[in-house]
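Position 252 of the sequence shown, counting from 1, maps to 251 under numbering that gives the first Met the number 0, and the rest follow consecutively.
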Amino acid sequence: MGSIARRIVDANMLRLIKQWLKAPVETTGTGWAAERTNGTRMTGGRANTMGVPQGGVISPLVANLYMNRFLKYWRQSGKGETWDAHIINYADDFVILSRGHAAEALAWTDRVMTRLGLTLNRTKTRLCDARQERFDFLGYSFGPHCHRQQGRWFIGASPSARSVQRLKDRVGEILVPGNKGPWGEVCGTVNRLLRGWCGYFSPGTHYATDRVVEAHLYDRVRNFLVRRHKMPPRSIGPFSMEAVFGELGVPRLRHLRRKDAMS
(Lines of atoms letter the chains of each structure in order from A and count residues from 1; the text may use other names and numbers.)
(Lines give C-alpha, C1' and ligand atoms only; values in the text may rest on other atoms or scores of the structure.)
Protein backbone atom coordinates (compact mmCIF):
# COMPACT_ATOMS: atom_id res chain seq x y z
CA MET A 1 0.00 0.00 0.00
CA GLY A 2 2.95 2.31 0.63
CA SER A 3 4.16 1.78 -2.94
CA ILE A 4 0.68 2.43 -4.31
CA ALA A 5 0.26 5.56 -2.18
CA ARG A 6 3.36 7.08 -3.81
CA ARG A 7 1.41 7.22 -7.07
CA ILE A 8 -2.21 7.62 -5.95
CA VAL A 9 -3.31 10.48 -3.71
CA ASP A 10 -7.06 9.86 -3.85
CA ALA A 11 -7.96 8.61 -0.36
CA ASN A 12 -11.16 6.93 -1.55
CA MET A 13 -9.28 5.01 -4.24
CA LEU A 14 -6.63 3.90 -1.73
CA ARG A 15 -9.35 2.75 0.65
CA LEU A 16 -11.01 0.76 -2.12
CA ILE A 17 -7.73 -0.93 -3.10
CA LYS A 18 -7.03 -1.81 0.54
CA GLN A 19 -10.47 -3.40 0.85
CA TRP A 20 -9.77 -5.33 -2.33
CA LEU A 21 -6.49 -6.65 -0.95
CA LYS A 22 -8.23 -7.77 2.24
CA ALA A 23 -11.20 -9.38 0.52
CA PRO A 24 -11.59 -13.09 1.43
CA VAL A 25 -11.12 -15.56 -1.41
CA GLU A 26 -12.83 -18.92 -1.77
CA THR A 27 -10.49 -21.63 -3.06
CA THR A 28 -10.89 -25.30 -3.83
CA GLY A 29 -8.73 -28.02 -2.33
CA THR A 30 -8.29 -31.76 -1.90
CA GLY A 31 -7.94 -34.18 0.99
CA TRP A 32 -9.88 -34.77 4.17
CA ALA A 33 -10.01 -31.08 5.06
CA ALA A 34 -11.57 -30.27 1.70
CA GLU A 35 -14.14 -33.03 2.18
CA ARG A 36 -15.27 -31.48 5.47
CA THR A 37 -15.81 -28.12 3.73
CA ASN A 38 -17.31 -29.47 0.48
CA GLY A 39 -13.99 -28.94 -1.30
CA THR A 40 -13.74 -25.19 -0.60
CA ARG A 41 -11.97 -23.01 1.93
CA MET A 42 -11.57 -19.30 2.58
CA THR A 43 -8.22 -17.52 2.49
CA GLY A 44 -7.19 -13.92 3.07
CA GLY A 45 -9.70 -11.67 4.77
CA ARG A 46 -9.28 -8.79 7.20
CA ALA A 47 -6.49 -10.56 9.06
CA ASN A 48 -4.41 -10.71 5.88
CA THR A 49 -1.45 -8.30 6.03
CA MET A 50 0.58 -9.47 3.04
CA GLY A 51 0.09 -10.48 -0.56
CA VAL A 52 -2.68 -10.20 -3.15
CA PRO A 53 -5.77 -12.45 -3.35
CA GLN A 54 -5.07 -15.49 -5.53
CA GLY A 55 -6.19 -14.79 -9.08
CA GLY A 56 -6.82 -11.11 -8.40
CA VAL A 57 -6.87 -9.03 -11.58
CA ILE A 58 -4.89 -6.29 -9.84
CA SER A 59 -1.99 -8.66 -9.11
CA PRO A 60 0.20 -7.86 -12.18
CA LEU A 61 -0.18 -4.11 -11.60
CA VAL A 62 0.66 -4.30 -7.91
CA ALA A 63 3.58 -6.64 -8.67
CA ASN A 64 5.03 -4.12 -11.12
CA LEU A 65 4.63 -1.27 -8.62
CA TYR A 66 6.40 -3.22 -5.89
CA MET A 67 9.06 -4.73 -8.16
CA ASN A 68 9.91 -1.21 -9.31
CA ARG A 69 11.58 -0.69 -5.92
CA PHE A 70 14.00 -3.52 -6.72
CA LEU A 71 14.60 -2.30 -10.29
CA LYS A 72 15.17 1.28 -9.12
CA TYR A 73 17.71 0.16 -6.53
CA TRP A 74 19.44 -1.95 -9.22
CA ARG A 75 19.86 1.18 -11.35
CA GLN A 76 20.91 3.44 -8.48
CA SER A 77 23.53 0.98 -7.22
CA GLY A 78 25.10 0.73 -10.69
CA LYS A 79 25.14 -3.07 -10.62
CA GLY A 80 24.25 -3.27 -14.31
CA GLU A 81 27.45 -1.48 -15.30
CA THR A 82 29.57 -3.22 -12.65
CA TRP A 83 28.50 -6.72 -13.66
CA ASP A 84 27.80 -6.01 -17.35
CA ALA A 85 24.26 -7.18 -16.66
CA HIS A 86 20.68 -6.49 -17.69
CA ILE A 87 17.35 -7.27 -16.00
CA ILE A 88 14.31 -8.26 -18.04
CA ASN A 89 11.11 -8.53 -16.02
CA TYR A 90 7.40 -9.10 -16.50
CA ALA A 91 5.39 -8.53 -13.32
CA ASP A 92 7.16 -10.67 -10.67
CA ASP A 93 9.01 -12.89 -13.16
CA PHE A 94 12.49 -11.74 -14.16
CA VAL A 95 15.82 -12.82 -15.60
CA ILE A 96 19.25 -11.30 -15.00
CA LEU A 97 21.65 -11.64 -17.93
CA SER A 98 25.27 -11.14 -16.90
CA ARG A 99 28.70 -11.77 -18.39
CA GLY A 100 30.73 -13.62 -15.78
CA HIS A 101 29.02 -12.28 -12.64
CA ALA A 102 25.81 -14.30 -12.45
CA ALA A 103 26.57 -15.80 -9.02
CA GLU A 104 27.26 -12.34 -7.57
CA ALA A 105 24.06 -10.99 -9.10
CA LEU A 106 22.04 -13.85 -7.59
CA ALA A 107 23.50 -13.36 -4.10
CA TRP A 108 22.88 -9.59 -4.28
CA THR A 109 19.31 -10.12 -5.51
CA ASP A 110 18.60 -12.57 -2.69
CA ARG A 111 19.74 -10.03 -0.08
CA VAL A 112 17.76 -7.17 -1.61
CA MET A 113 14.59 -9.24 -1.97
CA THR A 114 14.83 -10.22 1.70
CA ARG A 115 15.05 -6.54 2.67
CA LEU A 116 11.91 -5.89 0.58
CA GLY A 117 10.05 -8.67 2.39
CA LEU A 118 10.09 -10.94 -0.66
CA THR A 119 11.46 -14.45 -1.20
CA LEU A 120 12.90 -15.89 -4.39
CA ASN A 121 11.12 -18.99 -5.65
CA ARG A 122 13.86 -21.60 -5.14
CA THR A 123 12.26 -24.09 -7.51
CA LYS A 124 12.41 -21.59 -10.40
CA THR A 125 15.59 -19.69 -9.51
CA ARG A 126 18.81 -21.07 -10.94
CA LEU A 127 22.15 -20.18 -12.48
CA CYS A 128 22.88 -21.36 -16.00
CA ASP A 129 25.29 -20.75 -18.85
CA ALA A 130 22.93 -19.80 -21.68
CA ARG A 131 25.59 -20.81 -24.20
CA GLN A 132 25.48 -24.39 -22.93
CA GLU A 133 21.95 -24.92 -21.55
CA ARG A 134 18.49 -23.50 -21.97
CA PHE A 135 16.28 -21.55 -19.59
CA ASP A 136 12.55 -20.82 -19.87
CA PHE A 137 11.07 -17.36 -19.58
CA LEU A 138 7.58 -16.10 -20.52
CA GLY A 139 6.75 -19.23 -22.49
CA TYR A 140 9.99 -19.28 -24.48
CA SER A 141 13.01 -21.52 -24.15
CA PHE A 142 16.26 -19.54 -24.60
CA GLY A 143 19.68 -21.05 -25.25
CA PRO A 144 21.47 -23.34 -27.70
CA HIS A 145 19.49 -24.56 -30.72
CA CYS A 146 20.62 -26.74 -33.61
CA HIS A 147 20.02 -25.63 -37.19
CA ARG A 148 17.95 -28.40 -38.76
CA GLN A 149 19.61 -28.18 -42.20
CA GLN A 150 23.17 -27.09 -41.51
CA GLY A 151 23.62 -28.91 -38.20
CA ARG A 152 25.34 -25.93 -36.57
CA TRP A 153 24.46 -24.66 -33.09
CA PHE A 154 23.28 -21.13 -32.39
CA ILE A 155 21.80 -19.18 -29.47
CA GLY A 156 18.10 -18.72 -30.08
CA ALA A 157 14.59 -18.91 -28.72
CA SER A 158 11.70 -21.29 -29.30
CA PRO A 159 8.40 -22.17 -27.58
CA SER A 160 9.12 -24.04 -24.35
CA ALA A 161 8.01 -27.62 -23.77
CA ARG A 162 5.57 -26.39 -21.14
CA SER A 163 4.01 -23.94 -23.60
CA VAL A 164 3.61 -26.68 -26.20
CA GLN A 165 1.96 -28.96 -23.64
CA ARG A 166 -0.37 -26.15 -22.56
CA LEU A 167 -1.45 -25.68 -26.19
CA LYS A 168 -2.07 -29.42 -26.54
CA ASP A 169 -4.20 -29.36 -23.41
CA ARG A 170 -6.24 -26.44 -24.74
CA VAL A 171 -6.83 -28.26 -28.03
CA GLY A 172 -7.93 -31.34 -26.06
CA GLU A 173 -10.39 -29.23 -24.05
CA ILE A 174 -12.01 -28.05 -27.29
CA LEU A 175 -12.08 -31.41 -29.08
CA VAL A 176 -13.72 -33.39 -26.30
CA PRO A 177 -16.34 -36.04 -27.20
CA GLY A 178 -19.02 -34.01 -25.44
CA ASN A 179 -18.58 -31.06 -27.80
CA LYS A 180 -21.70 -31.30 -30.01
CA GLY A 181 -21.29 -27.98 -31.80
CA PRO A 182 -21.23 -27.76 -35.60
CA TRP A 183 -17.80 -28.45 -37.07
CA GLY A 184 -17.60 -24.89 -38.40
CA GLU A 185 -17.89 -23.48 -34.88
CA VAL A 186 -15.50 -26.04 -33.39
CA CYS A 187 -12.94 -25.39 -36.12
CA GLY A 188 -13.30 -21.63 -35.62
CA THR A 189 -12.52 -22.01 -31.92
CA VAL A 190 -9.43 -24.08 -32.70
CA ASN A 191 -8.31 -21.58 -35.33
CA ARG A 192 -8.58 -18.65 -32.94
CA LEU A 193 -6.45 -20.55 -30.44
CA LEU A 194 -3.83 -21.29 -33.10
CA ARG A 195 -3.86 -17.71 -34.35
CA GLY A 196 -3.16 -16.44 -30.85
CA TRP A 197 -0.37 -19.00 -30.41
CA CYS A 198 1.28 -18.00 -33.69
CA GLY A 199 0.94 -14.31 -32.87
CA TYR A 200 2.74 -14.68 -29.54
CA PHE A 201 5.36 -17.15 -30.77
CA SER A 202 6.11 -15.37 -34.03
CA PRO A 203 9.73 -14.41 -33.09
CA GLY A 204 12.36 -17.10 -32.80
CA THR A 205 12.63 -20.56 -34.30
CA HIS A 206 9.56 -22.78 -34.29
CA TYR A 207 9.98 -25.39 -37.04
CA ALA A 208 10.38 -28.31 -34.61
CA THR A 209 7.57 -27.24 -32.29
CA ASP A 210 5.26 -26.58 -35.26
CA ARG A 211 5.71 -30.17 -36.42
CA VAL A 212 4.94 -31.48 -32.93
CA VAL A 213 1.86 -29.28 -32.59
CA GLU A 214 0.53 -30.09 -36.07
CA ALA A 215 0.97 -33.84 -35.54
CA HIS A 216 -0.95 -33.62 -32.27
CA LEU A 217 -3.56 -31.36 -33.85
CA TYR A 218 -4.18 -33.73 -36.74
CA ASP A 219 -4.46 -36.72 -34.42
CA ARG A 220 -7.00 -34.99 -32.16
CA VAL A 221 -9.09 -33.58 -35.05
CA ARG A 222 -9.17 -36.94 -36.80
CA ASN A 223 -10.21 -38.76 -33.62
CA PHE A 224 -12.86 -36.12 -32.93
CA LEU A 225 -14.40 -36.45 -36.39
CA VAL A 226 -14.14 -40.25 -36.43
CA ARG A 227 -16.08 -40.44 -33.18
CA ARG A 228 -18.64 -37.94 -34.43
CA HIS A 229 -19.26 -39.97 -37.60
CA LYS A 230 -19.30 -43.25 -35.62
CA MET A 231 -16.44 -44.74 -37.60
CA PRO A 232 -14.14 -47.50 -36.28
CA PRO A 233 -11.46 -46.18 -33.92
CA ARG A 234 -8.04 -45.43 -35.46
CA SER A 235 -9.58 -45.30 -38.93
CA ILE A 236 -8.84 -42.41 -41.27
CA GLY A 237 -11.61 -42.53 -43.86
CA PRO A 238 -12.08 -39.11 -45.45
CA PHE A 239 -10.13 -37.40 -42.67
CA SER A 240 -6.65 -37.59 -44.12
CA MET A 241 -3.98 -35.04 -43.20
CA GLU A 242 -4.53 -33.28 -46.53
CA ALA A 243 -8.26 -33.03 -45.82
CA VAL A 244 -7.86 -31.79 -42.23
CA PHE A 245 -5.36 -29.09 -43.21
CA GLY A 246 -7.29 -28.35 -46.39
CA GLU A 247 -11.01 -28.48 -46.98
CA LEU A 248 -11.86 -29.02 -43.28
CA GLY A 249 -10.37 -25.63 -42.50
CA VAL A 250 -7.60 -26.31 -39.98
CA PRO A 251 -4.64 -24.05 -40.94
CA ARG A 252 -0.97 -24.89 -41.04
CA LEU A 253 0.90 -22.86 -38.45
CA ARG A 254 3.40 -21.54 -40.99
CA HIS A 255 0.52 -20.26 -43.12
CA LEU A 256 -0.90 -18.34 -40.16
CA ARG A 257 2.47 -16.71 -39.52
CA ARG A 258 2.80 -15.82 -43.21
CA LYS A 259 -0.61 -14.11 -43.14
CA ASP A 260 0.30 -12.20 -40.00
CA ALA A 261 3.60 -11.07 -41.55
CA MET A 262 1.85 -9.89 -44.74
CA SER A 263 -0.82 -8.00 -42.79
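The beta-carbon is built from N, C-alpha and C at its ideal position, and this holds for glycine as well.
When DSSP states are grouped into helix, strand and coil, Ala-156 belongs to the strand group. CA-to-CA, the gap between Met-230 and Arg-221 works out to about 11 Å. Its chain contains Ser-157, Pro-158 and Val-163 as the residues whose beta carbon lies nearer than 7 Å to that of Thr-208, once the 5 sequence neighbours on both sides are disregarded; these appear in chain order.
Taking a C-beta distance under 7 Å as the contact criterion, Cys-197 and Arg-256 qualify as a contact pair. In this structure, the beta-carbon distance from Gly-248 to Cys-186 falls below 7 Å. A straight line joining the alpha-carbon of Leu-137 with that of Ile-173 spans about 24 Å. Rounded to the nearest whole angstrom, the CA to CA distance from Arg-226 to Pro-202 is 37 Å. Under the DSSP definition of a beta bridge, Ser-97 partners with Ala-84. In this structure, the alpha-carbon of Ser-97 lies about 55 Å from that of Gly-236. DSSP, reduced to helix, strand and coil, places Cys-127 outside both helices and strands of the structure shown, so it counts as coil.
Remark: C-beta atoms of Ser-2 and Leu-60 do not approach each other more closely than 7 Å. Beta-bridge partners assigned by DSSP to His-144: Phe-153. Counting only residues of its own chain and dropping the five nearest sequence neighbours on each side, Leu-193 has a CB closer than 7 Å to the CB of Pro-250, Leu-252 and Leu-255.
Within the model, the alpha-carbon separation for Ala-4 versus Leu-13 is close to 7 Å.
Between Val-56 and Asn-47, the alpha-carbon positions lie close to 18 Å from each other.
Setting aside the 5 residues that flank it on each side, Ile-7 is surrounded in the same chain by Leu-13, each with a C-beta closer than 7 Å to its C-beta; the list follows chain order. Counting C-beta atoms within 10 angstroms of its own C-beta, Trp-73 has 16 or more neighbours from the protein chains shown and is therefore classed as buried. Glu-25 carries a strand assignment under DSSP once its states are collapsed to helix, strand and coil.
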